[in-house]
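Residue numbers (the numbering used here), protein chains in the order written: chain A, 5 to 437; chain X, 133 to 393; chain S, 61 to 234. Some notes on the structure that comes next.
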Amino acid sequence: MSSNDSNFNQNEIKPVHTNKVGGSPFKGVVGWIDNRLPIIRMFKYEYLDFQVPKNLSYLWSLGGILMICLIFLIVTGLVLGMHYKPSSSEAFVSVEKIMRDVNYGWLLRYAHMNFASFFFIAVYIHIFRGLYYGSYKEPRQLMWLIGITIFFLMMATAFLGYTLPWGQMSYWGATVITNLFSAVPLVGKAIVTWLWGDYSVGDSTLNRFYVLHWLLAFGILGIVIFHVIALHIVGSNNPSGVEPIDTRDTVSFAPFTTSKDLFAMLIFLLAFVLITMYAPNYLGHPDNYIPADPLITPAHIVPEWYFLPFYAILRSIPDKLLGVIAMVSSIAVLGLLPWLDLSKVRSAVFRPIWKQFVFLFVLDFFILMYVGGMPAEGIYVLISRVGTIYWFLFFLVIAPLVSLTEKTLPMPNSIHEYENWKKQGKIKTLKIF
Amino acid sequence: MSYLSKFLLFFFFFTFNIPNSYSAEKQEKLLKQSWSFDGFFGKFDRASLQRGYQVYTEVCASCHSMNLLSYRNLSEVGGPSFSEEEVKVIASKVEVLDGPNDNGEMFKRPGKPSDKFVSPFANEKAARAANGGAYPPDMSVLVKARAGGADYIYSVLMGYENKPPKGVKLEDGVYYNKYMSGNKIKMPKPLSQDSVKYSDGTAATEEQLSKDVVTFLTWASEPHLEARKRIGFKTVVYLLILTVLVYLVKKKIWLRIEPKV
Amino acid sequence: MSENNSNPDTKNRRNFLTVATTAVGAVGVGAVVWPVISQMNPDSSVKALASIEVDLSKIKEGQEITVLWRGKPVFVKRRTKEEITSAEKVDLKELKDPQPDNKRVKKSEWLVLVGVCTHLGCVPISGKGDYGGWFCPCHGSHYDSSGRIRKGPAPTNLEVPTYEFVGDNKIKLG
Numbered sequence: 005m006s007s008n009d010s011n012f013n014q015n016e017i018k019p020v021h022t023n024k025v026g027g028s029p030f031k032g033v034v035g036w037i038d039n040r041l042p043i044i045r046m047f048k049y050e051y052l053d054f055q056v057p058k059n060l061s062y063l064w065s066l067g068g069i070l071m072i073c074l075i076f077l078i079v080t081g082l083v084l085g086m087h088y089k090p091s092s093s094e095a096f097v098s099v100e101k102i103m104r105d106v107n108y109g110w111l112l113r114y115a116h117m118n119f120a121s122f123f124f125i126a127v128y129i130h131i132f133r134g135l136y137y138g139s140y141k142e143p144r145q146l147m148w149l150i151g152i153t154i155f156f157l158m159m160a161t162a163f164l165g166y167t168l169p170w171g172q173m174s175y176w177g178a179t180v181i182t183n184l185f186s187a188v189p190l191v192g193k194a195i196v197t198w199l200w201g202d203y204s205v206g207d208s209t210l211n212r213f214y215v216l217h218w219l220l221a222f223g224i225l226g227i228v229i230f231h232v233i234a235l236h237i238v239g240s241n242n243p244s245g246v247e248p249i250d251t252r253d254t255v256s257f258a259p260f261t262t263s264k265d266l267f268a269m270l271i272f273l274l275a276f277v278l279i280t281m282y283a284p285n286y287l288g289h290p291d292n293y294i295p296a297d298p299l300i301t302p303a304h305i306v307p308e309w310y311f312l313p314f315y316a317i318l319r320s321i322p323d324k325l326l327g328v329i330a331m332v333s334s335i336a337v338l339g340l341l342p343w344l345d346l347s348k349v350r351s352a353v354f355r356p357i358w359k360q361f362v363f364l365f366v367l368d369f370f371i372l373m374y375v376g377g378m379p380a381e382g383i384y385v386l387i388s389r390v391g392t393i394y395w396f397l398f399f400l401v402i403a404p405l406v407s408l409t410e411k412t413l414p415m416p417n418s419i420h421e422y423e424n425w426k427k428q429g430k431i432k433t434l435k436i437f
Numbered sequence: 133m134s135y136l137s138k139f140l141l142f143f144f145f146f147t148f149n150i151p152n153s154y155s156a157e158k159q160e161k162l163l164k165q166s167w168s169f170d171g172f173f174g175k176f177d178r179a180s181l182q183r184g185y186q187v188y189t190e191v192c193a194s195c196h197s198m199n200l201l202s203y204r205n206l207s208e209v210g211g212p213s214f215s216e217e218e219v220k221v222i223a224s225k226v227e228v229l230d231g232p233n234d235n236g237e238m239f240k241r242p243g244k245p246s247d248k249f250v251s252p253f254a255n256e257k258a259a260r261a262a263n264g265g266a267y268p269p270d271m272s273v274l275v276k277a278r279a280g281g282a283d284y285i286y287s288v289l290m291g292y293e294n295k296p297p298k299g300v301k302l303e304d305g306v307y308y309n310k311y312m313s314g315n316k317i318k319m320p321k322p323l324s325q326d327s328v329k330y331s332d333g334t335a336a337t338e339e340q341l342s343k344d345v346v347t348f349l350t351w352a353s354e355p356h357l358e359a360r361k362r363i364g365f366k367t368v369v370y371l372l373i374l375t376v377l378v379y380l381v382k383k384k385i386w387l388r389i390e391p392k393v
Numbered sequence: 061m062s063e064n065n066s067n068p069d070t071k072n073r074r075n076f077l078t079v080a081t082t083a084v085g086a087v088g089v090g091a092v093v094w095p096v097i098s099q100m101n102p103d104s105s106v107k108a109l110a111s112i113e114v115d116l117s118k119i120k121e122g123q124e125i126t127v128l129w130r131g132k133p134v135f136v137k138r139r140t141k142e143e144i145t146s147a148e149k150v151d152l153k154e155l156k157d158p159q160p161d162n163k164r165v166k167k168s169e170w171l172v173l174v175g176v177c178t179h180l181g182c183v184p185i186s187g188k189g190d191y192g193g194w195f196c197p198c199h200g201s202h203y204d205s206s207g208r209i210r211k212g213p214a215p216t217n218l219e220v221p222t223y224e225f226v227g228d229n230k231i232k233l234g
């Protein structure tokens with residue numbers, strides 16, 4: 005391919021290669037197939053021989069764990085969809101039928117429900133890892149943006165999925181969240197009615213939410229593939245933040261990374277099984293076992309736990325439109341981070357000041373999560389306001405300011421030097437980091 | 133740096149505790165019972181389930197429906213373990229509206245095990261009309277639909293007080309209950325000593341009646357609880373074994389590159 | 061990443077470990093897959109409806125009713141004397157799927173059949189065909205007054221469902 009392909013002249017005579025069969029490193033039947041459809045060699049290059057920094061901690065296993073979660077969610081969702089009926093008169097009963105009559109239906113539904121929660125646990129740790137080790141910096145900005153898109157879609161999918169059992173929380177959650185759109189000036193009301201297909205959340209709403217839940221689930225899968233392709237172009241970041249130079253810095257994906265990730269996945273699954281099998285409704289809300297009733301709003305409407313920080317941000321602002329804008333921007337602002345944090349040093353290990361602010365940000369996240377689950381009154385309002393202010397301050401002010409003024413620690417030249425420093429005790433980290 | 137691990141621990145601890153903190157209202161501490169179905173190996177007490185079913189049919193069923201359950205459930209694995217014959221007899225005692233027949237008319241016939249529990253009222257409006265405007269909730273998933281679960285239902289059953297505390301005024305047809313949210317309930321005290329006569333000779337004290345019916349209701353809202361715990365335990369044991377094996381394999385594999393550093 | 065493990069003991073142990081782990085893992089995958097497959101089988105509410113009772117008292121001689129059982133039509137026919145004798149007289153050697161009439165009925169007056177052609181699942185029409193029984197319009201299979209295949213592509217006789225008499229005028233299907 006020449007660089008001026010766009011000036012291709014069809015009248016110029018030169019040889020063409022439309023038949024690209026060949027080039028497989030394999031022999032026999034596998035080679036025959038691979039010569040014609042090169043996915044086997046692609047798999048070999050990208051998943052067996054792929055070079056990965058050797059100092060990756062268990063925080064880097066979250067990517068694989070998320071993949072497993074997504075696959076399990078899609079599989080359990082697919083089979084639940086074989087029994088679920090998306091109509092306002094049948095939805096609740098059909099879910100209970102799954103729980104009672106369908107073979108292993110209770111298991112599939114509880115698994116689907118809790119995988120959604122564990123998907124968010126994993127994604128929050130995953131995002132934290134990116135934040136702490138500067139994985140959003142050059143050249144990984146696009147990957148970070150794709151990741152945030154996935155996070156947005158996850159939230160939308162989770163919200164749509166939560167309406168499907170058609171319990172009280174489903175109904176009122178759907179009502180409250182769709183009403184956010186009524187904050188849009190002039191056309192707000194029209195948008196909401198359009199979303200509902202009715203004058204309130206109703207049968208038509210449920211039916212379309214079911215379809216959209218499916219659509220977005222596969223949308224996530226598609227964008228995850230972009231995320232992974234981008235990863236294989238830029239390569240993994242690592243705790244040192246230094247790019248690998250030679251094979252002293254890397255290991256091949258299989259069997260090193262795979263065995264490590266598998267171990268992490270099993271630990272994660274163990275936690276998942278304990279919750280799913282012994283406290284399956286712990287992360288949910290009892291009110292969702294009351295069938296939807298358009299006449300009675302539950303005393304405390306709370307979203308699922310993974311929305312609580314953003315819900316707190318929404319409620320912290322007394323103005324309807326501004327509240328919605330704040331909530332959406334609190335996530336969108338993550339996408340600006342690659343251009344707000346100007347430090348050349350990636351890893352917070354070498355950034356003593358930034359590190360403290362990242363920890364404070366994590367603490368802020370939990371505080372907002374806590375107040376998001378509390379009634380919006382008294383001291384909780386004040387706390388949520390302080391939390392919201394810090395959230396935006398962190399991205400918009402602290403990130404650029406610290407990155408310009410901070411004196412970073414001396415950096416190793418390579419990953420194996422970093423590892424040696426760690427062994428010598430020059431860098432103190434916990435084993436899982 | 134050791135902050136980090138604390139943060140992670142905190143993360144799990146914190147998020148998992150949030151659902152408990154929703155109800156900020158001051159509430160009476162629930163009467164915690166030790167239920168046979170609690171814990172890793174929890175199982176329902178069969179005799180208690182059968183007695184609880186008796187309490188349900190003789191007391192609760194006059195107002196509360198359980199329309200997600202069928203009579204056949206009573207003989208299914210993990211439930212009250214009535215025999216199939218007993219269930220046929222139980223079902224045949226109720227009248228079920230069926231039809232239309234060949235003449236296009238609805239008709240009544242004796243129940244079959246495959247029939248759903250017959251509701252005391254034709255619909256919600258009828259139920260409200262008969263109960264002073266209050267709707268006796270369907271009890272199929274009641275235990276899961278209330279924060280506090282089995283302990284909460286038990287506490288409400290035991291929490292009636294003849295005289296409300298000073299300063300609390302009750303309208304007609306409203307009763308004082310220590311554990312009900314808002315402390316006001318439209319259901320009169322349903323269970324008292326010997327409101328049901330047990331055929332197995334168990335003394336029908338108020339505690340016993342409440343305990344039995346709550347056990348029954350817990351099974352009703354979670355009929356596969358026993359299977360869940362059984363499969364759960366097997367899965368945990370299995371995962372522990374596999375995790376240890378994978379850990380050993382992983383260690384072996386990573387030993388290959390250790391000398392290079 | 062060259063394998064510089066010359067010690068055969070270590071190597072064997074690793075191989076054993078890997079094999080054991082893979083085997084244990086495979087069992088787990090199987091256990092996870094099973095619920096996903098099993099959920100497509102009829103659920104317990106469907107299974108519970110699997111038996112129905114049919115009242116025979118209103119069926120006159122020569123008449124036939126069709127009832128729905130497990131989503132399929134079931135023919136219940138009160139056969140005439142002639143139909144019974146013709147069904148009993150048939151030489152078994154003539155039949156594609158030899159079965160004497162008395163093996164296909166509990167009381168010779170009552171013939172109970174699953175009304176689904178054994179060829180490709182259409183519903184045969186009563187009183188048509190060359191043998192005084194049923195005729196399948198889809199691909200032309202002829203059944204006699206005992207529901208046995210006599211002509212056409214169907215490989216076997218019309219299926220007799222499991223049923224029993226509960227009282228003189230009532231049968232229970234399933």
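Yeah, the Cβ is synthetic: ideal placement off N, Cα and C, and Gly gets one too. Since we're looking at a predicted model, the values are computed, not measured.
Taking residue i as the query, report the chain S residues whose CB atoms sit under 9 Å from its CB, ordered along the chain.
i	result
X:P245	A108
A:M86	Q99 and M100
State yes or no: is the C-beta of residue i within less than 7 Å of the C-beta of residue j?
i	j	result
S:P215	S:T178	yes
S:V172	S:Y203	no
A:G245	A:R350	yes
S:I112	S:L233	yes
A:G377	A:P313	no
S:Q99	A:Y88	no
X:P245	X:Y311	no
A:W242	A:L60	The sequence shown places Asn at residue 242 of chain A, rather than the Trp named in the question. In contact: A:N242 and A:L60 (Cβ atoms closer than 7 Å).
For a contact defined as C-beta to C-beta under 7 Å, what are the partners of residue i on chain X?
i	result
S:A244	Since the first residue shown for chain S is 61 and the last is 234, residue 244 of chain S is missing from the structure and cannot be characterised.
Taking Cβ-Cβ distances shorter than 7 Å, what residues in chain S pair up with residue i?
i	result
A:L3	Lying before the first or after the last residue shown, residue 3 of chain A is absent from chain A, which here runs from 5 to 437.
A:M159	Under the 7 Å cutoff, chain S gives no residues; its nearest Cβ is about 27 Å from A:M159.
X:R204	A108
Along chain A, in chain order, which residues have C-beta atoms closer than 9 Å to that of residue i?
i	result
X:R260	Residues of chain A passing the Cβ test: none, with the nearest at roughly 12 Å.
S:S104	R104, D105, V106 and N107
So what does DSSP say about residue i, is it helix, strand or coil?
i	result
X:L380	helix
S:P95	helix
X:F253	coil
S:W170	strand
A:P356	helix
A:S118	Per the sequence presented here, residue 118 of chain A reads as Asn, with Ser not at that position. Helix at A:N118.
X:E202	It is Ser, not Glu, that sits at residue 202 of chain X in the sequence shown. Residue state, collapsed to three classes: strand.
A:D368	helix
S:Q159	coil
A:K264	helix
For residue i, which residues in chain A fall below 7 Å Cβ to Cβ?
i	result
X:P355	R104
X:T367	V277 and M281
Strictly below 8 Å CB to CB, what residues from chain S border residue i?
i	result
A:L112	P95, V96 and Q99
A:M117	Here the premise fails: no neighbours, minimum Cβ distance about 15 Å.
X:I373	V84
Check whether the Cβ of residue i lies closer than 6 Å to any heavy atom of the ligand NAD, and answer yes or no.
i	result
S:E124	As for the ligand NAD, it is missing from this structure, which has no ligand bound.
At 9 Å on the CB atoms, spell out the chain X contacts of residue i, in chain order.
i	result
S:L173	By Cβ distance, chain X contributes nothing, its closest Cβ being about 21 Å from S:L173, past 9 Å.
Could you name the residues of chain X that residue i contacts, counting a contact when the two beta carbons are closer than 8 Å?
i	result
A:K264	K382 and W386
S:L77	L377, L380, V381 and K384
So residue i and residue j are in contact, right, with Cβ under 8 Å, and what is the actual spacing, rounded?
i	j	result
X:Y330	X:R178	With 8 Å as the limit, X:Y330 and X:R178 do not qualify as a contact, their Cβ atoms being about 14 Å apart.
- Quick check: the region 260–277 of chain A against the region 324–341 of chain A, are there 3 or more CB pairs under 8 Å? The region 260–277 of chain A is not in contact with the region 324–341 of chain A.
- Three CB pairs or more closer than 8 Å across the region 164–180 of chain A and the region 293–310 of chain A: With a cut-off of 8 Å on Cβ pairs, the region 164–180 of chain A is in contact with the region 293–310 of chain A, counting three or more such pairs.
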